[in-house]
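J.: If you use the UniProt record's numbering, the sequence shown corresponds to residues 1 to 345, in order.
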Amino acid sequence: MEDIYQILDMISCSNNHPMVLATIIKVEGSSYKKEGSTMLLIENQCRVGMLSVGCLEEDLEIRAKQVWLSEEPSTVRYDLSSEDDLSWGQGAGCNGVITILLEPVKEVLLKKLFTLKECLDSQKTVTRIIQFTESLEMKADLYVVEDGSSFGYGDVDHIFMESLLKKKNPYDMERGLKTLGGSYDLLFINQIIPKPRLYLIGGGEDARPLVSLAARVGFHISIIDWRTAICNEVYFPNADEFIIGKPEEVIKRLSFTPRDFVVIMTHQFQKDQYFLSYLLEHNLYYLGILGPRKRTERLLRGCELPETIHSPIGLAIGAKGAEEIAISIVGEMIDKMRNHKKYSQ
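1. To the nearest angstrom, how far is it from the Cα of residue 299 to the Cα of residue 231?
2. Terminal residues of the continuous alpha helix (DSSP H) containing residue 59?
3. Considering only residues of the segment 179 to 221, which uninterrupted alpha helix (DSSP H) runs meet the minimum length of 4 residues and lie entirely inside it, listed in chain order?
4. Determine the direct distance from the alpha carbon of residue 322 to that of residue 154, and round the result to whole angstroms.
5. Let me confirm a value: residue 89 is counted as buried when at least 16 other C-beta atoms fall within 10 Å, else exposed. Which label applies?
6. Residue 140 to residue 133, Cα distance in whole Å?
7. Between residue 314 and residue 297, is the Cβ-Cβ spacing less than 8 Å?
8. Along the beta strand (DSSP E) that carries residue 46, what are the first and last residues, could you check?
9. Could you give the DSSP three-state label for residue 173: helix, strand or coil?
10. Residue 120 lies in the beta strand (DSSP E); which residues open and close that run?
11. Specify, as a first and last residue, the run of the beta strand (DSSP E) that residue 328 falls within.
12. Hey, residue 33 and residue 14 are a contact pair by Cβ (cut 8 Å); roughly how many whole angstroms apart?
13. Please name the residue in 169, 188, 79, 170 whose C-alpha comes closest to that of residue 178.
14. Please report the Cβ distance between residue 243 and residue 253, rounded to the nearest whole angstrom; I am assuming they are in contact, meaning their Cβ atoms lie under 8 Å.
15. At which residues does the beta strand (DSSP E) containing residue 150 begin and terminate?
16. Can at least three beta-carbon pairs, one atom from the segment 202 to 214 and one from the segment 143 to 151, be found at a separation below 8 Å?
17. From residue 324 to residue 207, what does the alpha carbon distance come to, in whole angstroms?
18. Given a cut-off of 8 Å on the beta-carbon distance, is the pair residue 257 and residue 191 in contact?
19. Rounded to whole angstroms, what's the CA-CA distance from residue 66 to residue 74? Just pull it up for me.
20. Residues in its own chain within less than 7 Å of residue 308 by CB, not counting five upstream and five downstream?
21. Just the Cα atoms here: how many angstroms apart are residue 240 and residue 260?
22. Near residue 76, which residues of its chain fall below 7 Å by C-beta distance, leaving aside the five closest residues on each side in sequence?
23. Between which two residues does the alpha helix (DSSP H) carrying residue 250 extend?
24. Provide the residue span of the beta strand (DSSP E) that contains residue 131, from first to last.
25. Measure the alpha-carbon distance for residue 37 versus residue 31 and round it to whole angstroms.
26. Starting from the C-beta of residue 248, find all residues in its chain whose C-beta is less than 8 Å away, skip the five residues before and the five after it, and write them out in chain order.
27. Starting from the Cα of residue 284, find the closest Cα among 170, 209, 291 and give me that residue.
28. Mark residue 326 as exposed unless 16 or more other C-beta atoms lie within 10 angstroms of its C-beta, in which case mark it buried.
29. Relative to the C-alpha of residue 78, which candidate in 47, 95, 68 has its C-alpha closest?
30. For residue 262, write down the residues that DSSP places opposite it in a beta bridge.
31. Rounded to the nearest angstrom, what separates residue 6 and residue 80 at their Cα positions?
32. Report the residue from 118, 281, 135 whose alpha carbon sits nearest the alpha carbon of residue 185.
33. Once you ignore the five residues that flank residue 48 on each side, which residues in its own chain have a CB closer than 6 Å to its CB?
34. Under a Cβ-count criterion, where at least 16 other Cβ atoms within 10 Å of its own Cβ denotes burial, should residue 46 be classed as buried or exposed?
35. Give the DSSP-derived three-state secondary structure of residue 293 in the structure shown.
36. Under the DSSP definition of a beta bridge, which residues are partnered with residue 38?
What follows is the structure, given as structure tokens:
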């Protein structure tokens, strides 16, 4: 998942250490990370996130110190495409030209990053728009929230912004450096989505490897179960939220967004059926049910299986056992986020 979540967490609990935010704003050719990828460089060679597999980091640390002292943002261009250059391009996937923006995390940027974190924590997508001159000097830095509000500074064409806010797929992110019509200026666009939420209904033993793996790849996880003995942080140390109660009680406390993922695995037919009937009324990004397809058809009382339901759940990798099944499920969720077009055809 995106490194920005860990970066914002680190910034919010930092103790005034010098920090510089590095963002890839342009990629020509191949690279390990793409436009919008970020890394936080902290004094004493501490880093959060990564932009390459070691091709750039040492040089970026040196430049970060200079940027911090100058108190001004700077851009640097790395050409990793030359086979004769022994200094660059040694990492896997690093064979292109990468332009990186370095920004000192001081009062003005710090305030904007705090606000960004608040928006993401409130499940609101934020689009960062930086206006550059032709020589890549920053002219404006505007953050536009999906509800239409904004912070930062600068003016952006309203028609352009409306096209960004009306995107149908919540994980179809707009990123990259674009030419601003009518001038030589450039716009860097970076849509930052909230951390994807996974609601796991049923906290059995086989749910534990799924929670562990989903947390590692960046999901915010809520466990829904009626048993207090297992719906807790001792049984699921990687979960973020626990919702305990009978199905008819729990649904009154739930609210979903079109970005949310839900997996049903209570292993109890009536409970699965109750939750499935309720969830079909909501616009979810992903809904999967553990068990054979015929069982899911029975849950639907013989009705045709909607295309929105993933059943059997997970990628068809011949998974055996809870750990492998967890890999297939998480793989399918990531696959839908990254390759959503094939699911919408």
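Just so it is clear, CB atoms sit at the ideal spot from N, CA and C, and this is done for glycine as well.
T.: Reading it off the structure:
1. Counted from its first residue, the sequence shown places residue 299 at position 299. Counted from its first residue, the sequence shown places residue 231 at position 231. Going by the C-alpha atoms only, they are around 24 Å apart.
2. What you label residue 59 is simply residue 59 of the sequence shown in a count that begins at 1. Run containing residue 59: 57 to 70, per the alpha helix (DSSP H) assignment.
3. Runs found: 207 to 216.
4. Your numbering for residue 154 matches position 154 in the sequence shown. Your numbering for residue 322 matches position 322 in the sequence shown. Taking the straight line joining both Cα atoms gives about 51 Å.
5. By one-based count along the sequence shown, residue 89 stands at place 89. Confidence at residue 89 is low in this model, with a pLDDT of 47, below 50, so the placement of that residue is unreliable and no value is reported for it.
6. Taking the first residue of the sequence shown as 1, we reach residue 140 at position 140. Taking the first residue of the sequence shown as 1, we reach residue 133 at position 133. Residue 140 and residue 133 have their alpha carbons spaced roughly 10 Å apart.
7. Your numbering for residue 314 matches position 314 in the sequence shown. Your numbering for residue 297 matches position 297 in the sequence shown. Not a contact, by the Cβ cut-off of 8 Å.
8. Position 46 of the sequence shown, counting from 1, holds the residue named residue 46. Unbroken beta strand (DSSP E) run through residue 46: 46 to 49.
9. Within the sequence shown, residue 173 is the residue found at index 173, counting from 1. Here residue 173 carries a coil assignment [DSSP, helix/strand/coil].
10. Translated into the one-based positions of the sequence shown, residue 120 becomes position 120. Note, residue 120: premise wrong, no beta strand (DSSP E); alpha helix (DSSP H) at 107 to 121.
11. In the sequence shown, counting from the first residue as 1, residue 328 sits at position 328. That residue, residue 328, is in no beta strand (DSSP E); its alpha helix (DSSP H) goes 321 to 338.
12. Locating residue 33 in the sequence shown gives position 33, counting from the first residue. Locating residue 14 in the sequence shown gives position 14, counting from the first residue. The C-beta distance from residue 33 to residue 14 rounds to 23 Å, too long to fall under 8 Å, and the pair is not in contact.
13. As a first step, residue 178 is located in the sequence shown; it is residue number 178 there, counting from the start. Selected option, being the one with the closest Cα: 188.
14. Along the sequence shown, one-based indexing puts residue 243 at 243. Along the sequence shown, one-based indexing puts residue 253 at 253. The beta-carbon distance between residue 243 and residue 253, rounded to whole angstroms, is 6 Å. This is short enough to meet the 8 Å contact definition.
15. Looking up residue 150 in the sequence shown gives position 150. That run of the beta strand (DSSP E) goes 150 to 153.
16. No: the two stretches stay apart, fewer than three of their Cβ pairs being nearer than 8 Å.
17. Position 324 of the sequence shown, counted from the first residue, corresponds to residue 324. Position 207 of the sequence shown, counted from the first residue, corresponds to residue 207. Rounded to the nearest angstrom, the gap between the Cα atoms of residue 324 and residue 207 is 12 Å.
18. On the sequence shown, residue 257 is found 257 positions in, with the first residue counted as 1. On the sequence shown, residue 191 is found 191 positions in, with the first residue counted as 1. With a cutoff of 8 Å on beta-carbon distance, residue 257 and residue 191 are scored as not near each other.
19. Here the question's residue 66 lines up with position 66 in the sequence shown. Here the question's residue 74 lines up with position 74 in the sequence shown. Distance between the alpha carbons of residue 66 and residue 74: 9 Å.
20. As a working note, residue 308 is residue 308 in the sequence shown. For residue 308, same chain residues with a beta-carbon under 7 Å away, outside a window of 5 residues either side, are 287 in chain order.
21. Position 240 of the sequence shown, counted from the first residue, corresponds to residue 240. Position 260 of the sequence shown, counted from the first residue, corresponds to residue 260. In a straight line, the C-alpha of residue 240 is about 15 Å away from that of residue 260.
22. Translated into positions along the sequence shown, residue 76 becomes position 76. Once the five neighbours on either side are set aside, the close Cβ partners of residue 76 are 63, 100, 102.
23. Within the sequence shown, residue 250 is the residue found at index 250, counting from 1. Secondary structure note for residue 250: its alpha helix (DSSP H) is the uninterrupted segment 247 to 250.
24. The residue given as residue 131 occupies position 131 in the sequence shown. Run containing residue 131: 126 to 132, per the beta strand (DSSP E) assignment.
25. Counting from one through the sequence shown, the residue named residue 37 turns up at place 37. Counting from one through the sequence shown, the residue named residue 31 turns up at place 31. Straight-line measurement puts the Cα of residue 31 at about 11 Å from the Cα of residue 37.
26. On the sequence shown, position 248 is the one that residue 248 refers to. Excluding positions up to five away in sequence, the list reads 274.
27. Taking the sequence shown and counting its residues from 1, one reaches residue 284 at position 284. Checked all of 170, 209, 291; the closest Cα to residue 284 is 170.
28. Indexing the sequence shown from 1 puts residue 326 at position 326. Classification of residue 326: buried, given that the 10 Å Cβ count is 16 or more.
29. The sequence position of residue 78 within the sequence shown is 78, counting from 1. For the options 47, 95, 68, the alpha carbon positioned closest to that of residue 78 is the one of 95.
30. Along the sequence shown, one-based indexing puts residue 262 at 262. Beta-bridge pairing links residue 262 to 199, 287.
31. Taking the sequence shown and counting its residues from 1, one reaches residue 6 at position 6. Taking the sequence shown and counting its residues from 1, one reaches residue 80 at position 80. In a straight line, the C-alpha of residue 6 is about 27 Å away from that of residue 80.
32. Mapped onto the sequence shown, residue 185 falls at position 185. Taking only the C-alpha atoms, the option nearest residue 185 is 135.
33. Translated into positions along the sequence shown, residue 48 becomes position 48. Correct list, in chain order: 6, 7, 10, 40.
34. Numbered from 1 along the sequence shown, position 46 holds the residue referred to as residue 46. Residue 46 comes out exposed.
35. By 1-based counting over the sequence shown, the position of residue 293 is 293. Of the three classes helix, strand and coil, the one that applies to residue 293 here is helix, per DSSP.
36. Residue 38 sits at position 38 when you count from the first residue of the sequence shown. For residue 38, which the question treats as bridged, DSSP gives the partners 23.
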